[in-house]
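Novice:
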Amino acid sequence: MPATLTRTPAAPLIDTETAGVPCAAEAGFSILTERDTAEPGPLGFQPLATEAAVAISYDGMSHAVMMATPADLEDYAVGFSIGNGIVESATQILDIRVHRDGDAVHLDIRLNHRAHHGFKQLRRTLAGNSGCGLCGVQALAQVLSPLRGKRGGDVHAPLPPPVHLSALRERIHRAQRHRQRSGAMHAALYIGPGGDTQLCREDIGRHNAMDKLLGACLRQQIPLAHGFVAVTSRCSLELVQKAVRAGVGTLVSLSAPTDMCVRWARANHLNLLHQPAQAPARLYSPLAAPVKELL
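All residue numbers for the sequence shown refer to the working numbering, where the first residue is 498 and numbers rise by one.
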């Protein structure tokens, strides 16, 4: 069954709501604030992006603390869990509880039996022995372990037509309502097979924005093998891994990818493109020869 969200009562983390900007704030948190800003300029106060510590636990067992924008938290919980290999499907998440502790946010994610067992095995694998270096070696093996993607198969998804990539930067700018005011947000967008922008998620962290978008798409049962995901940042290995695990067919970044991420994209049959500011999109995967441009 789809994951549900349980909120505990909470006072707003930010005292002043941001006027005129629709926000998907959760549990009383705001995305932007006009408190503690610099001195007002000719256009008034400059809103700031909200940053909070988000503690993530599974079935009461602590896993990670991330610095993130405290909004779209159920999307984040699902996307983080799938993108990091904790679960294989959103159906393995039974419940998501969100509560506030001072300036921090706690996400307690309840898993089904199979995912719970897998998570406990993962914790034991990464624990290691103190002082022997085993933890670091096993953590490295975990990061570089083979991926199990939702899409499956050994065939690349169809590439988006060049017309869907034209003016992509302008489309992303229009979709980033919070960045337009704060100037401090990354974004991840899902562009549908018809070329329309269907979803956008923003966050101070590029990985967080990706997690939120993937979680939103999976919760809404959007087939990620079609259309493409666009990110505003450099494409790193972690973003490729998240995309493959979530079943994304095509990933487009506004900055060039790293060499490792290109190798992993090709090995996992993920279409990988870079959209430069003033040049045609560059295709890195699938490709067995030098990088080519899409005309």
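Glycine included, every Cβ here is placed at the ideal spot set by N, Cα and C.
For clarity, every value in this text was computed on a predicted model and none was experimentally measured.
#1: State the Cα-Cα distance for the pair T755 and N765, rounded to the nearest angstrom.
#2: Cβ of L770 within 8 angstroms of Cβ of R779?
#3: Look up I462 in the DSSP assignment and say whether it is helix, strand or coil.
#4: Going by beta-carbon coordinates alone, are L644 and R731 separated by less than 8 angstroms?
#5: For the pair the region 585 to 592 and the region 722 to 739, tell me if three or more CB-CB distances fall below 8 angstroms.
#6: Hey, quick one: how far does the alpha helix (DSSP H) through H670 stretch, first residue to last?
#7: Do the region 689 to 696 and the region 546 to 558 make contact, defined as three or more Cβ pairs closer than 8 angstroms?
#8: Just to confirm the assignment: which complete beta strand (DSSP E) runs, minimum length 3, are found wholly within the region 574 to 620?
#9: In this structure, how does DSSP classify E661 when only helix, strand and coil are distinguished?
#10: So, for D572: in the same chain, excluding its five sequence neighbours on each side, which residues have a beta-carbon less than 7 angstroms away from its beta-carbon?
#11: Assign Q695 to one of three DSSP states: helix, strand, or coil.
#12: Beta strand (DSSP E) containing M564: first to last residue?
#13: Here's the rule: buried if 16 or more other CB atoms are within 10 angstroms of the residue's CB, otherwise exposed. What is M563?
#14: So, do the region 546 to 553 and the region 599 to 608 have three or more beta carbon pairs nearer to each other than 8 angstroms?
#15: Between Q772, I688, H560 and V745, which has its C-alpha nearest F616's C-alpha?
Specialist: So, from the data block:
#1: Counting from 1 along the sequence shown, the entry for residue 755 is found at position 258. Counting from 1 along the sequence shown, the entry for residue 765 is found at position 268. Each residue's Cα considered, the two are about 16 angstroms apart.
#2: Numbered from 1 along the sequence shown, position 273 holds the residue referred to as residue 770. Numbered from 1 along the sequence shown, position 282 holds the residue referred to as residue 779. Cβ atoms of L770 and R779: closer than 8 angstroms.
#3: The first residue shown for the chain is 498 and the last is 792, placing residue 462 beyond what the model contains.
#4: The sequence position of residue 644 within the sequence shown is 147, counting from 1. The sequence position of residue 731 within the sequence shown is 234, counting from 1. Taking 8 angstroms as the Cβ cut-off, L644 and R731 do not qualify as a contacting pair.
#5: The region 585 to 592, when compared against the region 722 to 739, does not touch it at the 8 angstroms Cβ threshold.
#6: Indexing the sequence shown from 1 puts residue 670 at position 173. It spans L665 to A672 - the alpha helix (DSSP H) in which H670 sits, taken as one unbroken run.
#7: The answer is no - the region 546 to 558 does not touch the region 689 to 696, with fewer than three Cβ pairs under 8 angstroms.
#8: 590 to 598 and 601 to 608
#9: For the purposes of this step, residue 661 is taken as residue 164 along the sequence shown, with counting starting at 1. Per the sequence presented here, residue 661 reads as His, with Glu not at that position. DSSP places H661 in helix when its eight states are reduced to three.
#10: For the purposes of this step, residue 572 is taken as residue 75 along the sequence shown, with counting starting at 1. So the list reads R698, K709, G712, A713 and R716, once near-sequence residues are dropped.
#11: Looking up residue 695 in the sequence shown gives position 198. In the structure shown, Q695 sits in a strand (DSSP, three-state: E or B).
#12: In the sequence shown, residue 564 corresponds to position 67, counting from 1. Counting along the chain, the beta strand (DSSP E) containing M564 begins and ends at M558 to A565.
#13: Here the question's residue 563 lines up with position 66 in the sequence shown. Buried, by the Cβ-count rule.
#14: Touching, per the Cβ criterion.
#15: Counting from 1 along the sequence shown, the entry for residue 616 is found at position 119. Cα-wise, what sits closest to F616 is H560.
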